[in-house]
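Enquirer: Residues in the sequence shown are numbered from 133 upward in steps of one, following this note's numbering. Using N, Cα and C, we set each Cβ at its ideal position, and we do this for glycine too. From a predicted model like this one, the values you see are computed outputs, not experimental measurements.
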Amino acid sequence: MNIKTVGKSGQISLGKALAGMDFIMEELPGGDIILKRAIVIPTNERWLHEPAMQQRLARVDKWRQEHPFKETNLEHLEDSLSTSV
Numbered sequence: 133m134n135i136k137t138v139g140k141s142g143q144i145s146l147g148k149a150l151a152g153m154d155f156i157m158e159e160l161p162g163g164d165i166i167l168k169r170a171i172v173i174p175t176n177e178r179w180l181h182e183p184a185m186q187q188r189l190a191r192v193d194k195w196r197q198e199h200p201f202k203e204t205n206l207e208h209l210e211d212s213l214s215t216s217v
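(1) In whole angstroms, give me the CA-to-CA distance for residue 150 and residue 201.
(2) Would you check if there are 3 or more beta carbon pairs closer than 8 angstroms linking the segment 179-191 to the segment 159-168?
(3) Assuming the contact rule is C-beta atoms closer than 8 angstroms, residue 171 and residue 154 should be a hit. Round their C-beta distance to whole Å, please.
(4) How would you write the range of the beta strand (DSSP E) that residue 170 sits in, first residue to last?
(5) Between residue 193 and residue 199, what straight-line distance do the alpha-carbon atoms span, to the nearest angstrom?
(6) Report the partner residues of residue 156 according to the DSSP bridge assignment.
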């Protein structure tokens, strides 16, 4: 157990190992404070973490692994586009 003192600026140092982490601060009725480590997901990105989307992303990742990137032959692409019009 460590004793920490709140500085004049109202801050407390938890150490470099926790630097950059997000926490939920819970204030209990008796004045005690509990810090819980948290992962914060922006509201506009929450849909990416829903189970249905996770399944779709897993399928896409599997497909990508089975179909490696390859260089596009631009002349062939141009020819195929001009003949399909």
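Expert: In brief:
(1) 39 angstroms
(2) no
(3) 7 angstroms
(4) 165-170
(5) 10 angstroms
(6) 168
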